[in-house]
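What follows is one structure encoded as structure tokens, with my remarks underneath.
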Amino acid sequence: MTDSDSSNPIRLARRAERMNASVIREILKLAERPDLISMAGGLPSPHSFPIDAVREATAQVLRDTPQAALQYASSEGFGPLREWVAADLGRQGMRIDPSQVLITTGSQQGLDLLGKVLIDAGSLVAVEAPTYLGALQAFAPGEPCFASVACDEGGPIAERLGEAAGARFLYLLPNFQNPGGRCLDEPRRDAVVAAARRAGLPLIEDNPYGELWYDEPPPAPLAARWPQGTIYLGSFSKVLAPGLRVGYLVAPPAVYPKLLQAKQAADLHTPSLNQRIVHQVVRDGLLDRHLPSVRERYRAGRDAMGAALARHMPPGCRWLTPRGGMFFWIELPPGCDALALLPRAVERGVAYVPGEAFFADKPQKNCLRLSFVTVDAGQIEAGVAALAGVIDEALATTGRRLQRAAA
Ligand SMILES: Cc1ncc(COP(=O)(O)O)c(C=O)c1O
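Structure follows, in structure tokens:
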């Protein structure tokens, strides 16, 4: 908007310029056809929601504590839920006090609060390459300079973390990363934490997918190794239902009060009713009964997609089989541009997320993300076959162009 635009007197803040409509979302909106096989979504399967348990818990909360559930409440969150979170993380090796738990409106809000409290204009913020797009969106309005840390198939390369010294923090997803799918093993966790400590580089550990493991549970969180230097984010979105919008962060006592003030300013508190519903459900041990069936469903999707990729993808495409989470991350041969191919793929009835949006800097164009949790095995087979056809054609065209250029 310019000053000369006299019909609109509203002037945007500079930070609003950092908020961009995602090109990919725009393309995918066009792709909302009922016949389209969309492997683009980042949503959990609606078949995984424990609907009966949530219905019963809602009735019980409204029967037992209706006034408290409908009243304003404390910004820190519902006490018994904070205690449950602290005890649950204790079982995973983190020794924390419930007073360090801040209940957030989804872990996305945790990212937003961290951006507000930790980033100044021009601050260096270190991220993985690729990383979660929603975190980049949450941090960007603070006007940071993003720096991607060097990564290999095992995660951030510890020996290279010194290059990010001076950054406000390193944001990372150790468990079944979105979008990359990789999980840091125990030695890599130790090495990354040791290097971060040496460099004085605080960590933000985002863990929405840790319970979605299909082969074996992931190692203990980074926060268990360096509690004073790590802020941990968790969420009930992928284990219960994202529509509840209940997540949490765990912060060292030195930064907790500022995050709490930011939370107060943002929304006073996360809906009391939802917090109580979540607490009612989890305190009854529902997750232990419910998660095995979610893992079984998602494991079947993972296996179906792994088999379809092996059957159909042209030579030169690379991927790792994720041991958890929701996504395959595919690298196409160099020169293949996944964003440019998307309209053709949509024409053929299949959608995916091009990978370049997941890079804070130096976008890699030859990669894409496929979700295996919201489509059934038959659709996975048909969708991957169609996608492979589109890539095959693109490779043939590039090959012909190169031959012509060489002739
Ligand atoms: C890595 C990561 N972090 C955070 C979120 C936000 O989740 P929520 O706000 O629903 O807890 C998501 C959602 O997909 C995610 O993939």
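Under the numbering used here, the first residue of the sequence shown carries the number 5, and numbering increases by one thereafter.
Ideal placement from N, C-alpha and C gives every residue a C-beta, glycine not left out.
Notebook entry, point to check: How about residue 299: is its Cβ closer than 8 Å to a heavy atom in ligand 1?
Noted result: Answer for residue 299: no, Cβ out of range of ligand 1.
Margin query: Assuming residue 274 is part of the alpha helix (DSSP H), what are its boundary residues?
Written below: Taken as a continuous stretch (DSSP letters only), residue 274 belongs to no alpha helix (DSSP H), as it is neither H nor E.
Note to self: Taking the straight line between their C-alpha atoms, what separation do you get for residue 205 and residue 154?
What the structure shows: Residue 205 and residue 154: Cα-Cα distance of roughly 15 Å.
Check: Which word fits residue 215, buried or exposed, when buried means at least 16 other C-beta atoms lie within 10 angstroms of its C-beta?
Finding: Classification of residue 215: buried, given that the 10 Å Cβ count is 16 or more.
Item checked: residue 4 and residue 212 closer than 9 Å at C-beta -> Past the edges of the chain, shown from 5 to 411, lies residue 4, and the structure says nothing about it.
Checklist line | Beta-carbon spacing of residue 169, residue 198 below 9 Å | finding: Contact: no.
Checklist line | Completely contained beta strand (DSSP E) runs for the segment 281-339, where each covers 3 or more residues | finding: Here the runs fully enclosed are 331-335.
Next item on the list: Return yes when the Cβ of residue 363 is within less than 9 Å of the Cβ of residue 152, no when it is not.
Entry: Cβ distance < 9 Å, so residue 152 and residue 363 count as in contact.
Note to self: My output table needs one value for residue 150: the three-state DSSP class, helix, strand or coil.
What the structure shows: Shown here, residue 150 sits in a strand according to DSSP, grouped into three states.
Check: Can you name the start and end residues of the beta strand (DSSP E) that residue 234 belongs to?
Finding: Counting along the chain, the beta strand (DSSP E) containing residue 234 begins and ends at 234-239.
Checklist line | Closer than 5 Å: residues whose CB approaches a heavy atom of ligand 1 | finding: Going down the chain, each residue whose beta-carbon is closer than 5 Å to a heavy atom of ligand 1 shows up: 46, 110, 111, 112, 136, 182, 210, 212, 239, 241, 246, 251.
Check: Can you tell me whether residue 172 is buried or exposed, with buried defined as 16 or more other CB within 10 angstroms of its CB?
Finding: Residue 172 comes out buried.
Check: Around the C-beta of residue 43, are 16 or more other C-beta atoms found within 10 angstroms, so that it is buried, or is it exposed?
Finding: Note on residue 43: 16 or more other CB atoms within 10 angstroms of its CB, so buried under the neighbour-count rule.
Next item on the list: Take residue 358 and list the residues in its own chain whose beta-carbon comes closer than 7 Å to its own, dropping the five residues that flank it on each side.
Entry: Beyond the five residues adjoining it in sequence on each side, residue 358 comes within less than 7 Å, by CB distance, of 28, 342, 343, 346, 372 in the same chain, given in chain order.
Check: Could you give the uninterrupted runs of the alpha helix (DSSP H) lying entirely in the segment 18-104, keeping only those of 4 residues or more?
Finding: Unbroken alpha helix (DSSP H) runs of no fewer than 4 residues, entirely contained in the segment 18-104, are found at 27-34, 55-68, 70-74, 83-95, following chain order.
Note to self: Tell me which residues share the same chain as residue 123 and place their Cβ nearer than 8 Å to its Cβ, disregarding the 5 neighbours each side in the sequence.
What the structure shows: The residues are 129, 143, 146, 147, 148, 172.
Notebook entry, point to check: Out of 367, 108, 366, which has the shortest C-alpha to C-alpha gap to residue 279?
Noted result: Per the Cα distances, 108.
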